[in-house]
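Please read the structure below before turning to the comments.
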Amino acid sequence: KAEGVAVDTIRAADYAFRFLSDRELRFVSRQVAAQDGKEAEGAELRQTAARVMRDFADSSVEAASAKVLEEFPALAEEGGPLHEALNRSAFDTELKKLLRVSHYATAAGYS
76 KAEGVAVDTI
86 RAADYAFRFL
96 SDRELRFVSR
106 QVAAQDGKEA
116 EGAELRQTAA
126 RVMRDFADSS
136 VEAASAKVLE
146 EFPALAEEGG
156 PLHEALNRSA
166 FDTELKKLLR
176 VSHYATAAGY
186 S
């Protein structure tokens, strides 16, 4: 699991509300592998999974949001919590935050 400088790298990205860059992903993966003695294959897999989360974040959030509304259409109807455009935008922002946290956890070896 990520410790020390790897955590600092993740924390800096989180404070800036952004996903890790390729360079940061490589760094965190190396740090986690060195700390846990995990094989390079596992580090590469975590790095690839985190990269996919980042690179497809917008389409993933869009699909997740659409699926929620498909399953619970009353949320977007008149009087529903997601009826207002501002609330819908805030909901999508929260989904993206959750994806970003999952991205960090995957990179740090917590997945």
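For the sequence shown, this note's numbering gives the first residue as 76, with consecutive numbering after it. We put the CB at the ideal spot given by N, CA and C, even for glycine.
Query, Result
"Cβ contact check for the stretch 167–180 and the stretch 126–133: 3 or more pairs under 8 angstroms", "yes"
"Local conformation of arginine 126 per DSSP, three classes", "helix"
"Beta-carbon proximity of glycine 184 to valine 107, cut-off 8 angstroms", "yes"
"N- and C-terminal bounds of the alpha helix (DSSP H) containing glutamate 153", "From DSSP, glutamate 153 is part of no alpha helix (DSSP H); its letter is neither H nor E."
"Classification of leucine 161 by the beta-carbon crowding that lies within 10 angstroms, buried from 16 upward", "exposed"
"Alpha carbon of lysine 172 to alpha carbon of alanine 182, nearest angstrom", "15 angstroms"
"Distance between alanine 165 and threonine 123 (C-alpha atoms, nearest Å)", "28 angstroms"
"Whole-angstrom distance between glutamate 137 and alanine 151, CA atom to CA atom", "15 angstroms"
"Start and end residues, alpha helix (DSSP H) containing serine 140", "132–146"
"Residue range of the alpha helix (DSSP H) that includes serine 164", "160–182"
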